[in-house]
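Colleague:
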Amino acid sequence: MHIYIFDQYLNQKKYERIVAKIETRLTDLGLNGKNCHVGPLKSLRSIVVEELRNTPKTIVAVGNNGTLNQVINSIGESDAVVGIIPVGGNNSIAESFGIKDEDQACNVLSARLMEKIDLGKINNQYFLSNARISNKETILEIKGKYTVEPTGPGQVEVINLNTKNNNTSNPNDGQLEIFITVTKKGMITNEIDRSFIQTDRAIINNLLHENFIIDDLIEIKTPVEIGVSKNKLKVIVGKERRF
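Position 23 (the sequence shown) corresponds to 24 in this note's numbering; numbering is contiguous.
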């Protein structure tokens with residue numbers, strides 16, 4: 002059985018036609034299931050927890066990066082396969098899965114090509130793609146062996162699944178990639194220095210109490226312990242996936 006979780010922002014009038022189109026297309030493909038709409042009186046998490054009692058085969062997040070993140074953090078130890086139907090902006094994770102829009106997503110669900118991938122973990126919350134924070138007053142402790150303190154403006158980015166169009170990160174290797182980018186002012190143009198660390202564990206703090214942003218949308222307070230859960234999640238992907 003398929004469970005479709007429609008995020009709350011899809012209740013807006015401007016999405017009515019798209020939602021109706023998705024529901025019709027799923028029916029045409031024989032992917033009938035239960036449509037659950039997040040609303041003021043029912044959170045996404047409560048819907049997922051309730052539906053897991055019926056041991057669904059597949060849970061599909063209809064929405065964006067934030068929707069997908071909430072779903073993976075709600076399914077616990079369930080063996081349910083997770084899919085995504087992207088609607089609107091903030092859908093870089095769907096793109097890395099080889100899914101460009103809602104039409105293609107329905108076809109991908111029908112083909113049911115599956116991959117088992119790692120999940121990053123920041124404190125008690127999972128993330129699929131990345132976690133990032135400003136360099137300023139940020140301190141990294143790598144596996145309890147050494148510390149790194151970036152100097153200069155820039156960003157620390159911890160990557161599990163790279164949503165950019167390159168293959169520097171592999172969500173199947175049990176490792177996270179940490180990129181530290183520092184911008185240096187030049188005489189004519191600014192120069193960018195980039196450092197790279199691969200690890201499966203780190204503790205990161207920000208002395209200014211700035212938050213991490215995970216999966217490009219959700220904020221997490223510092224300090225954080227970051228790790229990786231190998232082969233944690235089964236996802237449905239397209240043939241043009243980036244991993």
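Positions of the beta carbon are idealized from the N, C-alpha and C atoms, including for glycine.
1) L162 lies in the beta strand (DSSP E); which residues open and close that run?
2) Comparing C-alpha positions only, which one of M2, D29, N163 and V225 sits nearest to D119?
3) Mapping DSSP to helix, strand and coil, what is A95?
4) To which residues of the same chain is R242 closer than 6 Å at the C-beta, ignoring the five residues directly before and after it?
5) I think N70 touches G90, with their Cβ atoms under 8 Å apart; what is that distance to the nearest whole Å?
6) Indicate the three-state DSSP secondary structure (helix, strand or coil) for R133 in the structure shown.
7) When burial is assigned at 16 or more other CB atoms within 10 Å of the CB, is N92 buried or exposed?
8) Looking only at its chain, what residues have a beta carbon closer than 6 Å to the beta carbon of V20, apart from the 5 residues adjacent to it on each side?
9) Would you kindly check if the distance between the Cβ of L114 and the Cβ of K240 is under 8 Å?
10) Consult DSSP for G67 and reduce its assignment to one of helix, strand or coil.
11) Just to confirm my understanding: we take P57, look at its own chain, exclude 5 residues before and 5 after, and list those with CB closer than 6 Å. What are they?
12) Inspect the CB distances between the segment 207 to 221 and the segment 130 to 146 and report whether three or more fall short of 8 Å.
13) Is the beta carbon of I6 sitting closer than 8 Å to the one on A62?
14) Quick one: using the 10 Å Cβ neighbour count with 16 as the cut-off for buried, is G175 buried or exposed?
15) Indicate whether the contact test is met: 3 or more Cβ pairs, each with one atom in the segment 176 to 191 and one in the segment 137 to 154, closer than 8 Å.
16) Quick check: the segment 199 to 208 against the segment 219 to 227, are at least 3 beta-carbon pairs closer than 8 Å?
17) For N74 and V238, what's the separation of their Cα atoms in angstroms?
18) Would Y147 be called buried (16 or more neighbouring beta carbons within 10 Å of its own) or exposed?
19) What's the gap between the Cα of N33 and the Cα of E24?
20) Thinking C-beta only, is I85 closer than 8 Å to C107?
21) Taking K101 as the reference, which of S111, V88 and D8 has the closest Cα?
Modeller: The answer reads as follows:
1) Position 161 of the sequence shown, counting from 1, holds the residue named residue 162. Where L162 is concerned, there is no enclosing beta strand (DSSP E), given that its DSSP letter is neither H nor E.
2) To locate residue 119, count along the sequence shown from 1; it is residue 118. Taking only the C-alpha atoms, the option nearest D119 is N163.
3) To locate residue 95, count along the sequence shown from 1; it is residue 94. The answer is helix: DSSP assigns A95 an H, G or I state.
4) What you label residue 242 is simply residue 241 of the sequence shown in a count that begins at 1. Correct list, in chain order: F98 and G99.
5) Within the sequence shown, numbered from 1, the residue matching residue 70 stands at position 69. Within the sequence shown, numbered from 1, the residue matching residue 90 stands at position 89. Between G90 and N70 the Cβ distance is about 15 Å, and since that is not below 8 Å, they are no contact.
6) Position 132 of the sequence shown, counted from the first residue, corresponds to residue 133. Note: R133 maps to strand in three-state DSSP.
7) For the purposes of this step, residue 92 is identified with residue 91 of the sequence shown, where counting begins at 1. Buried, by the Cβ-count rule.
8) Here residue 20 is taken as the residue at index 19 of the sequence shown, counted from 1. Within the same chain, V20 has close Cβ partners L11.
9) Along the sequence shown, read from residue 1 onward, the residue named residue 240 stands at position 239. Along the sequence shown, read from residue 1 onward, the residue named residue 114 stands at position 113. Yes, Cβ-Cβ distance for K240 and L114 is below 8 Å.
10) The sequence position of residue 67 within the sequence shown is 66, counting from 1. DSSP places G67 in helix when its eight states are reduced to three.
11) On the sequence shown, residue 57 is found 56 positions in, with the first residue counted as 1. Excluding positions up to five away in sequence, the list reads M2, I4 and A81.
12) yes
13) In the sequence shown, the residue the question calls residue 6 occupies position 5. In the sequence shown, the residue the question calls residue 62 occupies position 61. Result yes, Cβ atoms of I6 and A62 sit closer than 8 Å.
14) In the sequence shown, residue 175 corresponds to position 174, counting from 1. Exposed, since its Cβ has fewer than 16 Cβ neighbours within 10 Å.
15) yes
16) yes
17) On the sequence shown, position 73 is the one that residue 74 refers to. On the sequence shown, position 237 is the one that residue 238 refers to. Each residue's alpha carbon lies about 19 Å from the other.
18) The residue given as residue 147 occupies position 146 in the sequence shown. So Y147 ends up on the exposed side.
19) Along the sequence shown, one-based indexing puts residue 33 at 32. Along the sequence shown, one-based indexing puts residue 24 at 23. Using only the alpha carbons, I get a separation of about 9 Å.
20) As a first step, residue 107 is located in the sequence shown; it is residue number 106 there, counting from the start. As a first step, residue 85 is located in the sequence shown; it is residue number 84 there, counting from the start. Going by C-beta atoms, C107 is not nearer than 8 Å to I85.
21) Translated into positions along the sequence shown, residue 101 becomes position 100. Answer by Cα proximity: V88.
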